[in-house]
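**Q** Counting in our numbering, the sequence shown runs from 40 upward without gaps.
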Amino acid sequence: MDQFARIFDRRNIVINNKCPEPVKRFCPDHLKEPQNDSVKANITCLVYSHDGKELLCSYNDEDIYLFDATHSSESEAIKRYKGHRNNQTVKGVNFFGSQSEYIVSGSDCGHVFLWDKESEELAQCLKGDFNGVVSWTHLLML
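1. What are the complete beta strand (DSSP E) segments, minimum 3 residues, inside the stretch 72-101?
2. Thinking C-alpha only, which one of Cys-164, Gln-163, Glu-140 is nearest Asp-90?
3. Cα separation between Ala-162 and Gly-136?
4. Between which two residues does the beta strand (DSSP E) harbouring Arg-44 extend?
5. Quick one: complete beta strand (DSSP E) runs, 3+ long, within the stretch 103-170?
6. Starting from the Cα of Glu-101, find the closest Cα among Leu-70, Ser-114, Val-143, Asp-107 and give me that residue.
7. So Ala-116 and Tyr-98 are supposed to be a Cβ contact under 8 Å. How far apart are they, rounded?
8. Does Val-62 pass the burial test, meaning 16 or more other C-beta atoms within 10 Å, or should it be called exposed?
9. Where does Ile-142 land, buried or exposed, given buried means 16+ other C-beta within 10 angstroms?
10. Out of Ser-158, Ser-146, Asp-107, Glu-157, which has the shortest C-alpha to C-alpha gap to Cys-164?
11. With 16 as the cutoff for other CB atoms within 10 Å, does Asn-51 come out buried or exposed?
12. Throw me the rounded Cβ distance for the Lys-166 and Lys-118 pair, which I believe falls under 8 Å.
13. Tell me whether the beta-carbon of Cys-96 lies closer than 9 Å to the beta-carbon of Val-151.
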C-alpha cells in the first residue's frame, strides 16, 4: 500500500508472470514524497464516479481527493474535501446522488460528512455512532 492510485488495463494484468505497469497513476502533489519516514499517507478507499470519469481517494490521516480519471497520469487532484477524521480505523468514501453530485464519508468523530462535489463545501454533518462511522451501504438515503 502506498499513496498512489493506479489504473491498469485488465487486458494486460498478468503476462508471463510479470506485473504490468499502470496505465495511469494519481496522487496529490504534497503526498508524493513523504515528509518523514514515520508518517506516510496510504489510500484507505478508492471509488469511481457513476460514469467512470472521476476517481475519489480517501487517505489515512489526510483529506479526500477527487481526480479526473480522463486526465493524464500524475495530474493533480481537481478537488479536496476537508473536515472528516480518518486515522483510527479505515473509512469508506463514496459518491452520492444519481449523477455523483455529493461526496460522503464516515469519520472517527462518529459523524457522516456530506460535501457538495463541485463547491467542496460541507453540505451536511450527520450524527452517526460514538465509536466512529466506518462505512455504509450504497443505498444510503438521507
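Backbone N, C-alpha and C fix where the C-beta goes; we use that ideal spot for every residue, glycine too.
Computed from a prediction, not measured in an experiment: that's the story for all the values here.
**A** According to the structure shown:
1. Taking 3 residues as the shortest admissible run, the stretch 72-101 contains the following complete beta strand (DSSP E) segments, listed from N- to C-terminal end: 82-87, 93-98.
2. Closest option to Asp-90, Cα to Cα, is Glu-140.
3. When rounded, the distance between both Cα atoms is 13 Å.
4. For clarity, residue 44 is Ala in the given sequence; the question names Arg instead. Residues 44-46.
5. Taken in chain order, the unbroken stretches of beta strand (DSSP E) that lie wholly in the stretch 103-170 and span 3 residues or more are 103-107, 118-120, 132-135, 141-145, 150-155, 161-166.
6. With respect to the C-alpha of Glu-101, the residue from Leu-70, Ser-114, Val-143, Asp-107 having the closest C-alpha is Leu-70.
7. Between the beta-carbon of Ala-116 and that of Tyr-98 there is about 11 Å, and that puts the pair past the 8 Å contact cut.
8. Its Cβ having fewer than 16 others within 10 Å, Val-62 is exposed.
9. It counts as buried.
10. Each of Ser-158, Ser-146, Asp-107, Glu-157 was checked against the Cα of Cys-164, and the nearest Cα belongs to Ser-146.
11. It is exposed - the Cβ of Asn-51 has fewer than 16 other Cβ atoms within 10 Å.
12. Their Cβ separation, rounded to whole angstroms, is 25 Å, which puts Lys-166 and Lys-118 out of contact at 8 Å.
13. In this structure, Cys-96 keeps its C-beta atom at 9 Å or more from the C-beta atom of Val-151.
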